[in-house]
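Inspection log for the structure reproduced underneath, given as structure tokens.
Protein chains: 6
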Amino acid sequence: MHLLPLSPIMIEPLVRNALLEDLGRAGDLTTDAIVPVDRVATTILVARQGGVVAGLDLAALAFRLIEPRIEMTIHCPDGGEVVPGKTIATIGGPARGLLTAERTALNFLGHLSGIATATHSVVTAIRGHKARIVCTRKTTPGLRTIEKYAVRAGGGANHRFGLDDAVLIKDNHIAVAGGIAAAVERARAGVGHLVKIEVEVDTLDQLDEALRLGVDAVLLDNMTPEQLRQAVTMVAGRAVTEASGRITPATAPSVAATGVDLISIGWLTHSAPVLDIGLDFQ
Amino acid sequence: MHLLPLSPIMIEPLVRNALLEDLGRAGDLTTDAIVPVDRVATTILVARQGGVVAGLDLAALAFRLIEPRIEMTIHCPDGGEVVPGKTIATIGGPARGLLTAERTALNFLGHLSGIATATHSVVTAIRGHKARIVCTRKTTPGLRTIEKYAVRAGGGANHRFGLDDAVLIKDNHIAVAGGIAAAVERARAGVGHLVKIEVEVDTLDQLDEALRLGVDAVLLDNMTPEQLRQAVTMVAGRAVTEASGRITPATAPSVAATGVDLISIGWLTHSAPVLDIGLDFQ
Amino acid sequence: MHLLPLSPIMIEPLVRNALLEDLGRAGDLTTDAIVPVDRVATTILVARQGGVVAGLDLAALAFRLIEPRIEMTIHCPDGGEVVPGKTIATIGGPARGLLTAERTALNFLGHLSGIATATHSVVTAIRGHKARIVCTRKTTPGLRTIEKYAVRAGGGANHRFGLDDAVLIKDNHIAVAGGIAAAVERARAGVGHLVKIEVEVDTLDQLDEALRLGVDAVLLDNMTPEQLRQAVTMVAGRAVTEASGRITPATAPSVAATGVDLISIGWLTHSAPVLDIGLDFQ
Amino acid sequence: MHLLPLSPIMIEPLVRNALLEDLGRAGDLTTDAIVPVDRVATTILVARQGGVVAGLDLAALAFRLIEPRIEMTIHCPDGGEVVPGKTIATIGGPARGLLTAERTALNFLGHLSGIATATHSVVTAIRGHKARIVCTRKTTPGLRTIEKYAVRAGGGANHRFGLDDAVLIKDNHIAVAGGIAAAVERARAGVGHLVKIEVEVDTLDQLDEALRLGVDAVLLDNMTPEQLRQAVTMVAGRAVTEASGRITPATAPSVAATGVDLISIGWLTHSAPVLDIGLDFQ
Amino acid sequence: MHLLPLSPIMIEPLVRNALLEDLGRAGDLTTDAIVPVDRVATTILVARQGGVVAGLDLAALAFRLIEPRIEMTIHCPDGGEVVPGKTIATIGGPARGLLTAERTALNFLGHLSGIATATHSVVTAIRGHKARIVCTRKTTPGLRTIEKYAVRAGGGANHRFGLDDAVLIKDNHIAVAGGIAAAVERARAGVGHLVKIEVEVDTLDQLDEALRLGVDAVLLDNMTPEQLRQAVTMVAGRAVTEASGRITPATAPSVAATGVDLISIGWLTHSAPVLDIGLDFQ
Amino acid sequence: MHLLPLSPIMIEPLVRNALLEDLGRAGDLTTDAIVPVDRVATTILVARQGGVVAGLDLAALAFRLIEPRIEMTIHCPDGGEVVPGKTIATIGGPARGLLTAERTALNFLGHLSGIATATHSVVTAIRGHKARIVCTRKTTPGLRTIEKYAVRAGGGANHRFGLDDAVLIKDNHIAVAGGIAAAVERARAGVGHLVKIEVEVDTLDQLDEALRLGVDAVLLDNMTPEQLRQAVTMVAGRAVTEASGRITPATAPSVAATGVDLISIGWLTHSAPVLDIGLDFQ
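Quick look at the structure:
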């Protein structure tokens with residue numbers, strides 16, 4: 069399975085915005101004052117921790133938008149694993165551009181590699197089970213597209229990208245509608261044929277009702293492994309089963325062992341620490 | 069000391085962008101299909117973990133931009149500490165708007181409260197020392213203004229906001245210039261009288277050279293507490309002293325005890341996990 | 069079934085942009101030069117043709133963005149049918165604002181009502197059959213969200229909103245992949261669990277292959293009613309069936325009679341003429 | 069007479085916006101999952117109907133913004149006539165880019181070629197008469213610049229581009245001002261010397277008054293050919309004469325025969341169906 | 069003659085952009101740190117020089133976008149003359165907002181009032197003559213709409229707003245075309261009936277040729293008063309006559325006395341000094 | 069001392085916006101109608117007045133954004149002095165692009181060169197004194213970054229770029245705080261260690277108070293040379309001294325002779341006339 073890419077036209081506004089945020093109104097005072105305009109340099113991106121890389125296109129674009137003559141040669145592409153000290157890429161060109169874009173490039177790269185690494189840690193933990201690790205809508209505001217990409221780079225898959233590409237009926241929707249059946253019926257009437265419907269269920273009774281309504285997927289929220297196992301048995305392939313609820317690399321194996329199709333984890337995108345990657349001037 | 073606020077005109081584009089990212093092209097399918105347009109509800113923002121709150125203005129704006137009739141009453145303002153179960157705010161109005169804006173509001177609030185909480189944990193650890201905790205430029209792309217605000221909400225202070233509001237001469241600048249003196253001289257010639265100059269030093273010899281040049285601040289990078297103590301003694305108030313290098317709540321007290329003025333910490337903004345805050349429908 | 073609404077935050081940029089396009093650099097020269105600033109007027113939106121209304125929120129916003137004191141009272145909401153001469157809404161306030169925003173408001177209203185009316189004509193033609201009328205991605209650049217809304221207002225349903233909310237495997241994808249099976253397999257591996265997969269088939273052999281792969285929907289392209297009937301029989305409820313290929317109100321009934329689930333029609337959004345609606349000053 | 073072009077800097081935002089609208093948050097799932105990154109292809113743009121081409125620059129830009137290595141060779145430039153089956157252009161390059169940009173490119177090309185074709189049909193109908201066919205401000209919101217260009221490509225000419233580049237005094241303005249003379253006088257006092265003034269007249273008495281005021285042009289609204297002929301005689305070259313009022317290819321010749329200078333037609337831009345153009349992979 | 073206004077929807081982006089430019093990433097540090105949030109104040113806008121006011125709507129919007137509770141009462145509206153010490157407006161509300169928006173508001177007001185004042189000085193100098201003072205396209209990048217408004221506020225009129233609202237054939241166009249006749253003919257063929265054509269002429273021979281072509285206006289560039297007088301006589305009302313070429317309040321009367329219709333002056337918009345207006349806290 | 073440059077990524081939005089402002093909705097009617105698409109030309113930028121050049125990068129970008137094949141060779145770079153008749157640059161390429169971008173390029177170049185020239189006139193007037201000439205926040209809305217650059221090109225230095233990169237405590241802040249000491253204390257508590265604090269003082273008593281508080285700089289507002297001399301003596305190097313108050317080239321030498329460090333001048337950016345630079349076709 070290859071990694072679904074990011075379209076350059078989609079990431080350029082993000083990188084441009086981040087650079088302008090850092091340049092402010094006066095630009096890179098330190099570098100412009102100190103570094104001669106014709107100085108060139110070669111640098112390497114080096115992993116200071118082990119993990120999975122994601123975001124090299126954004127880093128490359130940060131350098132290129134500041135200085136089109138900067139060139140990057142990638143040694144370990146997005147989705148690749150690194151050990152501490154591993155050279156990820158070589159980046160060379162005018163020294164001013166390298167210094168000015170460095171922090172923005174690293175901010176993207178560290179953040180996305182952190183998400184990829186976190187995802188990979190859970191994916192690895194459940195290897196051998198059929199379950200896939202998926203992310204949620206608990207993303208950093210404005211960065212959903214690239215954070216979901218980082219999850220893919222780490223071996224995970226994507227849940228909804230937004231409120232509009234699938235129906236996910238939660239407890240409050242059910243309460244307002246007066247029951248699962250009413251909620252599902254209204255959703256079916258309102259949306260197109262390519263929109264899947266998933267329902268959050270807290271009990272096996274709710275699960276039974278959802279299954280009889282023929283929903284596409286069920287979100288089994290905060291269930292114990294034992295409950296999950298019963299749920300999976302009850303579903304018997306009639307719907308996609310998704311387990312959620314503060315699952316960690318430590319608890320993931322027991323969840324995966326229940327036979328669920330998906331394990332969704334919010335902290336991959338909202339709380340993964342950065343992967344420490346540095347830029348070393350040669 | 070009160071908390072320097074965020075100007076509404078500065079945060080509106082961020083909130084608007086985040087909402088549109090979530091709404092996509094078709095809007096909130098689930099809610100619009102299921103929830104009657106005239107249904108109203110009351111909800112409460114509840115802390116599920118202990119920590120420090122930050123970002124209520126962004127959360128309130130998320131609700132108001134989706135539905136101007138939604139009103140929020142704040143019980144624990146930004147900068148306030150919460151224990152698990154604490155009600156932070158009451159939010160009421162049309163149920164559709166509450167459900168549609170919920171995730172965006174929580175994404176801002178959880179992220180910023182996470183940063184404030186992390187900051188607060190270090191600030192608390194060094195209470196009694198004069199040192200202030202400051203953040204860096206290692207921020208999430210596009211969110212620097214609000215992440216720096218969250219650091220303030222947690223009791224910290226702000227370092228540079230970008231490449232253009234202060235000079236920070238790092239090792240690579242010094243190498244290019246051929247020494248600290250040359251680098252500082254070029255910087256002085258190039259920037260205005262209200263721009264401070266800080267120099268990163270790795271050794272006491274470098275520190276001595278920087279002090280003789282009359283720089284405003286020195287960044288003491290990756291020094292041991294013993295080295296820091298010597299450095300502070302050598303500086304003797306002639307410059308602001310800043311310690312940096314992977315400092316944690318556990319190691320911060322020994323760093324603070326050296327008498328440095330500032331402790332700068334990158335992970336506050338790039339790796340703090342969210343503070344878990346939920347929205348409960350009453 | 070109620071009409072899924074447009075979020076105000078999503079349409080404001082479109083209306084603002086359209087007004088600025090019309091105002092140019094100097095504004096409404098004619099009105100500003102001739103009409104006194106304190107003149108008020110009452111106007112009515114009147115249908116000059118029979119059809120279905122769509123776009124009143126955009127029209128109202130056009131007036132309000134130019135002049136916040138303009139008020140609109142709606143007599144026939146979006147989705148409602150009108151006969152020639154029917155008053156759709158009453159709009160009153162400062163005369164300058166009414167005259168300046170008039171064309172922009174009518175351009176939105178006429179265009180969207182035209183789409184709703186065209187949709188309604190086909191929906192009506194197949195009344196009694198189970199098939200739903202759906203639109204395509206053949207929309208006017210920049211207006212997809214509101215044109216898809218207009219289709220809903222006319223009683224139709226929505227197909228994909230873009231390249232990213234469902235997989236639709238067409239002949240060229242199949243040719244590149246070397247067959248339907250390979251294409252479907254690669255798609256399954258690449259996308260999330262809430263993304264449905266539809267395959268375009270031209271023959272019953274292809275249909276058979278697609279069904280055995282368990283795809284969610286099949287696009288039966290340019291088939292005769294007889295072929296469609298065979299296809300529907302072969303599918304036997306295992307997938308959603310979609311007929312396409314220049315279907316008109318005249319040919320739609322025979323297509324619908326084949327038992328397909330969906331009839332997709334590109335011209336609803338790319339070639340429907342406007343519904344003639346005028347603004348009469350009282 | 070050559071065709072006044074579109075400046076690339078003016079169309080790029082439109083094309084970029086349309087592509088992003090289609091890519092959404094996750095990009096082209098189908099193509100990215102199925103088509104290998106190194107696959108190249110050659111395609112041809114083929115007319116499936118006879119008509120006049122317009123919008124090739126926008127189509128080319130759509131492909132190039134997605135994939136800079138895609139190249140287009142034009143065989144029939146904008147303004148050229150095509151018969152069904154005619155190859156308009158050859159487009160070759162990476163297959164992913166071709167598939168991803170295809171729909172956006174065709175949406176622009178079909179829409180603008182549809183307008184050019186509609187315009188051409190009326191222009192052809194009145195060949196031999198001096199009258200020119202002109203469009204109005206009844207354009208699709210956001211697309212005025214390119215729709216007016218398409219009218220030119222079809223052999224027509226442009227009326228006002230907005231509210232600010234000419235004065236057009238309509239019945240409501242006259243009513244507010246208390247008469248044509250007052251309206252014209254106020255307009256003259258308010259606008260610059262390069263702004264022409266046109267007045268809408270419904271009767272020959274009004275026409276007489278407008279002519280005595282020395283206006284630049286008169287809009288003869290909804291007049292019969294006989295009335296138009298009288299009007300043209302009365303004007304005797306003192307002003308530009310413009311006929312309007314639901315004129316079609318069928319009725320245009322009799323209108324043109326009256327000797328009017330201009331025939332303005334709203335449906336060219338608001339109701340012309342697309343010209344069916346396809347992209348065939350070789 | 070009343071002053072053609074600025075539409076609020078047109079100026080809001082300019083004011084918003086200017087405020088954000090001043091707020092940067094951290095906002096008004098000084099005011100937020102020092103001034104209590106609940107402090108209110110009353111201020112007055114006072115002219116420190118005599119001149120003509122323009123730009124009050126932009127100033128008011130600057131205050132309101134920062135703080136909606138700020139209210140402005142205008143004592144001398146745009147276009148009004150002030151003597152030193154004159155109170156132009158009273159502005160009251162939260163002190164923080166007053167201090168934060170002050171500079172942006174004054175920057176707009178001073179700049180536009182400076183243009184209005186410069187315009188007024190020439191308008192006054194030629195009082196009694198029929199000539200009108202008009203501005204050019206030599207405006208500050210990004211501010212054309214409001215600078216042209218300021219010229220109107222000073223009693224002047226507007227020339228072209230851009231390259232697209234009139235044809236102005238200059239010496240280089242004539243040289244390329246191979247003569248005035250060829251240039252005018254090509255222009256006529258290319259543009260719509262509401263676009264006026266003006267030709268720059270340097271000699272009376274050129275003027276004669278232009279007049280025979282029936283152009284709408286002639287730009288008499290850098291002619292002496294004597295040449296202008298001859299030109300006006302030769303034109304004899306057949307075209308609008310415009311004199312240009314570094315005309316000042318001192319030289320304007322002799323130019324106006326030649327009987328030209330228009331005197332165009334670039335420095336009104338590119339070199340007028342600000343009118344000194346201050347904001348005094350009471 | 070070299071000239072701190074403008075980052076291309078920072079100026080592109082300004083140039084793009086200015087071009088679009090001039091092109092409007094229909095583009096350069098005159099040039100597109102008259103000049104053949106394949107005509108090329110060579111032009112030279114010529115100084116018509118003596119002064120200092122600034123803004124060549126913006127001019128070059130204006131031409132390149134309209135027509136990528138246009139090339140500019142610079143003979144006198146930004147910061148260089150020119151005499152009347154001096155050729156600043158040679159610009160060649162397609163004639164249409166040269167004519168269309170000409171005015172926008174010259175508007176930037178003339179405006180910025182005007183500021184550079186004005187700055188240079190004061191810098192020259194005080195040559196031999198240690199004082200530096202600095203600009204203020206009294207800039208043209210939206211152009212602060214490039215106007216501050218022009219001041220540097222003229223040999224001046226920059227004051228604050230906005231409200232957020234330094235604290236400047238003015239009389240109104242002092243009044244609200246109840247004294248200089250309270251104001252400075254609150255500011256110190258609120259801002260980061262790299263933010264300098266400057267206080268405006270009107271009397272020597274205030275100066276004394278400010279100095280005892282250890283502020284970084286003092287703004288000596290509207291003092292006579294004698295008062296300035298006393299102030300400088302009193303400061304004795306403990307703070308940066310800045311003189312302000314309507315200082316001109318004529319009065320600057322006597323101010324500089326007082327020994328102040330900085331002379332700040334608002335009119336450099338808000339009232340400098342353009343430097344007359346023309347584009348001559350060869």
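If you're matching them up, the sequences are chains F, S, P, V, Y and L in order. Counting with this note's numbering, you get residues 69 to 350 for the letters of the first sequence. Counting with this note's numbering, you get residues 69 to 350 for the letters of the second sequence. Counting with this note's numbering, you get residues 69 to 350 for the letters of the third sequence. Counting with this note's numbering, you get residues 69 to 350 for the letters of the fourth sequence. Counting with this note's numbering, you get residues 69 to 350 for the letters of the fifth sequence. Counting with this note's numbering, you get residues 69 to 350 for the letters of the sixth sequence. Ideal Cβ placement from N, Cα and C applies to all residues, glycine included.
For Y/R212, the number of other beta carbons within 10 angstroms of its own is at least 16, and it is reported as buried. Listed by position along chain S, the residues whose Cβ is nearer than 8 Å to that of F/H241 are T98, T99, I102, V103 and L167.
Approximately 4 Å separates the beta-carbon atoms of L/R297 and L/T326; this is inside 8 Å, confirming the contact. Taking all protein chains in view, the Cβ of P/G247 is surrounded by fewer than 16 other Cβ atoms within 10 Å, so the residue is classified as exposed. Distance from the CA atom of P/A173 to the CA atom of P/S181, rounded to whole angstroms, is 12 Å. Annotation: S/L126 has no Cβ neighbours in chain P at a cutoff of 9 Å; minimum Cβ distance is about 15 Å. Distance from the CA atom of S/P136 to the CA atom of S/V105, rounded to whole angstroms, is 14 Å.
At least 8 Å separates the CB of S/R200 from every CB of chain Y. Under the three-state reduction of DSSP, V/H197 is assigned to strand. Measuring C-alpha to C-alpha distances from V/L166 to each of V/G210, V/G148, V/A130 and V/G258 identifies V/A130 as the nearest.
Residue S/N226 holds the alpha-carbon nearest to the alpha-carbon of S/I201 among S/P209, S/I214 and S/N226. Residue-level contact check: V/I237 touches chain P, since one or more beta carbons of chain P fall below 8 Å from its beta carbon.
Between the segment 327-347 of chain S and the segment 335-344 of chain F there are three or more C-beta pairs closer than 8 Å, enough to call the two in contact. Between the C-alpha atoms of V/E170 and F/D96 there is a straight-line separation of about 41 Å. Taking C-beta separations shorter than 8 Å and ignoring five residues to either side along the sequence, the partners of Y/G161 in its chain run V108, A109, F131, E135, R137, I138 and E139, following chain order. Under a criterion of Cβ atoms nearer than 9 Å, the residues of chain F adjacent to S/P341 are, in order, W335, H338, S339, A340 and P341. Contact of V/I134 with chain F is assigned, a C-beta pair being separated by under 8 Å. Flagged as an interface residue toward chain V: L/A94, by a C-beta distance shorter than 8 Å.
V/V114 and V/G148 have their C-alpha atoms some 13 Å from each other. Residues of the same chain with a CB within less than 6 Å of the CB of V/T204, apart from the 5 flanking positions on each side, are H227, S332 and G334 in chain order. Non-local beta-carbon contacts of S/T207 in its own chain, meaning distances under 8 Å to residues more than five positions away in sequence, involve E215, K216, T337 and H338 in chain order.
Of V/E310, V/V103 and V/A128, the smallest CA-CA separation from V/L347 is found for V/A128.
For the 8 Å CB-CB criterion, S/L288 and L/E266 do not form a contact. For the C-beta of P/V286, not a single chain F residue is nearer than 9 Å; the gap to the nearest is close to 11 Å. Chain S has no Cβ within less than 8 Å of the Cβ of Y/L347.
If you look at Y/T98, you'll find it in the alpha helix (DSSP H) that goes L97 to I102.
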